[in-house]
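The structure under discussion appears below in the form of C-alpha cells.
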Amino acid sequence: MSGHVPAFAIANTEFDVAPLRAALIDDRAGAFASFEGWIRDHNDGRAVDGLRYEAYRALAETEGARIVAEAIARHGALGACCVHRIGELAIGDLAVWVGASAAHRDAAFATCRTIIDEVKARVPIWKHEHYVDGDASWLHLEP
Amino acid sequence: MSGHVPAFAIANTEFDVAPLRAALIDDRAGAFASFEGWIRDHNDGRAVDGLRYEAYRALAETEGARIVAEAIARHGALGACCVHRIGELAIGDLAVWVGASAAHRDAAFATCRTIIDEVKARVPIWKHEHYVDGDASWLHLEP
Amino acid sequence: MATVTLLYFASLRDAAGVGEERVDAGDGDLRALYVEARARHGFVLPPERLRVAVDGDFALWGDAPRDGSEVAFIPPVSGG
Amino acid sequence: MATVTLLYFASLRDAAGVGEERVDAGDGDLRALYVEARARHGFVLPPERLRVAVDGDFALWGDAPRDGSEVAFIPPVSGG
Numbered sequence: 001m002s003g004h005v006p007a008f009a010i011a012n013t014e015f016d017v018a019p020l021r022a023a024l025i026d027d028r029a030g031a032f033a034s035f036e037g038w039i040r041d042h043n044d045g046r047a048v049d050g051l052r053y054e055a056y057r058a059l060a061e062t063e064g065a066r067i068v069a070e071a072i073a074r075h076g077a078l079g080a081c082c083v084h085r086i087g088e089l090a091i092g093d094l095a096v097w098v099g100a101s102a103a104h105r106d107a108a109f110a111t112c113r114t115i116i117d118e119v120k121a122r123v124p125i126w127k128h129e130h131y132v133d134g135d136a137s138w139l140h141l142e143p
Numbered sequence: 144m145s146g147h148v149p150a151f152a153i154a155n156t157e158f159d160v161a162p163l164r165a166a167l168i169d170d171r172a173g174a175f176a177s178f179e180g181w182i183r184d185h186n187d188g189r190a191v192d193g194l195r196y197e198a199y200r201a202l203a204e205t206e207g208a209r210i211v212a213e214a215i216a217r218h219g220a221l222g223a224c225c226v227h228r229i230g231e232l233a234i235g236d237l238a239v240w241v242g243a244s245a246a247h248r249d250a251a252f253a254t255c256r257t258i259i260d261e262v263k264a265r266v267p268i269w270k271h272e273h274y275v276d277g278d279a280s281w282l283h284l285e286p
Numbered sequence: 287m288a289t290v291t292l293l294y295f296a297s298l299r300d301a302a303g304v305g306e307e308r309v310d311a312g313d314g315d316l317r318a319l320y321v322e323a324r325a326r327h328g329f330v331l332p333p334e335r336l337r338v339a340v341d342g343d344f345a346l347w348g349d350a351p352r353d354g355s356e357v358a359f360i361p362p363v364s365g366g
Numbered sequence: 367m368a369t370v371t372l373l374y375f376a377s378l379r380d381a382a383g384v385g386e387e388r389v390d391a392g393d394g395d396l397r398a399l400y401v402e403a404r405a406r407h408g409f410v411l412p413p414e415r416l417r418v419a420v421d422g423d424f425a426l427w428g429d430a431p432r433d434g435s436e437v438a439f440i441p442p443v444s445g446g
C-alpha cells in the first residue's frame, strides 16, 4: 500500500474515495473488495433525518490503524484502508469507507469485513441520531 | 435500483463504475459492498502479461441478470449490479465489477459475494491467458 | 430433417477453426450433435464437462434439435 | 497527589456539561476516578460498560493515575 494514504483516518468533511482505492492498486492483486456505510433513513424502527458522529480522535486513529494492520496480517491481504467521517451527516451521506486488495477474493472480502466489524466494535466513535419526531439520542450499543 | 442500468451487462471497452454505484443509492440503504476483479500478474504460478475474455453474449446477459435477481431475493438486498469486461485486458485492468446495497452490511456483503461466485461458475465467459514465456491458453476450469 | 447452427467458443472454436457452422441434425438429440462435432473436430472435452444452450438459453442434452435453431456448446466457464 | 485531565465523550459529555475537567486523582485507581465522576455528574453507565484510556491508548481500570496524564472514559462505541 502507498505510503501517501494512512491505513486509517478520521475525516471531518466529505472525502473522495478514488485516491483511497488507487493507493491499493497492486499488480499482484486479483481482487478488491470495498464497503461503504451510508446514513439510512431509519434505525430500529425510527425515522432518522440525520446524525452526528463524534470521535476521540487520537485513540480512534491508533486503534483504527491497529485494526487494519491486524486484518491484513490475519487474512493475507496486500493492502487495506479505512476512513470514517465525523461531524454532521445527512441521509445518503458516506459515513465510512473500507477497501482491501488481495491476490484472491476470499482474502479481499474477509479483510474488508473484519475491518468494518472491528471498527464498529472497537474504535471510539459515537453516533448521535436525530429523529424525524424531533427527539435525538446517543447510541451506546450493548456489547 | 434505477431502470437506467441493467442488472448485468457485458462491456467490450473500459467502463466507469461511478454511474453503476450511483444507480444503487437508496435512502433505505445503510450498507454498500462492492467487488472488483483485477487482472493480476500471475496465475497458478505462471507470470501473466495480459488476457482476453470472450463471451457468449446473449446467454451471458440472460444468465447474469438471473444471478443478480436471485442474489437480491435470497439475501434481501435493495439493489445490485454486475458488469463484466470482454476483449483484450492488461495487468491491472478491471475485469468485473459487482455492487450491492442493502439496509445492513450482512446482506450487502452476501449479495456481492454470491453474485461474483455465481458469475464465475455459471456465466459463459472464457479467459484466454497470455504468459510472459510466450505461451497462451484457454482456461476451462474443473467444475 | 432439422438444420441447426452450431456455435463454438474458446478452445472449441480454436479446435474447429470456425465460430459457427450449419449442420444437418440427423435424428439424434443435442448430445449426439456434440458427439458428432467432437469426432469431426477433435474436441478434447467430453460432453459431461460441457453444457448446451439453444437460442440463448440453457437446454438439456436429451432435447431434440429444432429446425433453424442455434445450438451452443458451453465449455467450462472462466470469467471473473 | 496526581492531577489528571478527564475527557468526556457523547452521553458522558452531555451529562457532565463539559468535554474535559482537571481533577485531583486522590489515591485510588482509574476505576475510582470514574466512580467519583459518575457520582458527581450522574452518569448512567456503570464502569463495566466502559473502557478507559490514558494519553491516547487503552489502559486498565486498575492502573494508577499518572500526574499530568489525560484519562478518557470510553462509553460503548457506535461508529460505522
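Chains as they are written, first to last, in the working numbering: chain A, 1 to 143; chain B, 144 to 286; chain C, 287 to 366; chain D, 367 to 446. For glycine and all other residues, C-beta sits at the position ideal for the given N, C-alpha and C.
- For Asp169 (chain B), the CB contacts under 7 Å within the same chain, skipping 5 residues up- and downstream, are Leu221, Gly222, Ser244 in chain order.
- Residue contact with chain C for His185 (chain B): absent (no Cβ-Cβ distance below 8 Å to any residue of chain C).
- Among the bridge pairs identified by DSSP, Leu372 (chain D) is matched with D:Glu387, D:Val437.
- Here Pro441 (chain D) is buried. Its C-beta has 16 or more other C-beta atoms within 10 Å.
- Close partners of Arg122 (chain A) in chain D (Cβ separation under 8 Å): Val443.
- Residue range 46–55 is occupied by the beta strand (DSSP E) that includes Tyr53 (chain A), with no alpha helix (DSSP H) assigned at that position.
- At a beta-carbon threshold of 7 Å, none of the residues of chain A lie near Leu426 (chain D); the nearest stands roughly 15 Å away.
- Listed in chain order, the beta strand (DSSP E) elements of length 3 or more contained wholly in the stretch 20–101 of chain A are 31–38, 46–55, 79–85, 87–89.
- Cβ neighbours of Val5 (chain A) within its own chain (closer than 8 Å, five residues either side excluded): Pro19, Leu20, Ala23, Cys81.
- Identification of residues in the stretch 213–247 of chain B having a C-beta nearer than 7 Å to some C-beta of chain A yields Ile234, Gly235, Ala246, given in sequence order.
- Within chain D, no residue has its CB atom less than 7 Å from the CB of Ala9 (chain A), the nearest being about 13 Å off.
- By the Cβ test, the stretch 67–77 of chain A is not in contact with the stretch 50–59 of chain A, since fewer than three Cβ pairs between them sit closer than 8 Å.
- Under a 10 Å Cβ-count criterion, Thr156 (chain B) is classified as exposed, with fewer than 16 other Cβ atoms of the shown protein chains found around its own Cβ.
- The bridge partners DSSP lists for His271 (chain B) are B:Arg195, B:Trp281.
- Neighbours of Thr62 (chain A) across chain D, judged by C-beta separation under 8 Å: Gly422, Asp423.
- Taking 8 Å as the threshold, the shortest C-beta distance from Glu179 (chain B) to chain A falls below it.
- Membership of Arg417 (chain D) in the beta strand (DSSP E) is indicated by the continuous run 417–420.
- Closest in alpha carbon position to Val119 (chain A), among A:Ala108, A:His128, A:Trp97, A:Ser137, is A:Trp97.
- Taking C-beta atoms as the reference points, Val68 (chain A) and Ala108 (chain A) fail to come closer than 8 Å.
- Take the alpha-carbon of Gly354 (chain C) and the one of Val290 (chain C): they are about 5 Å apart.
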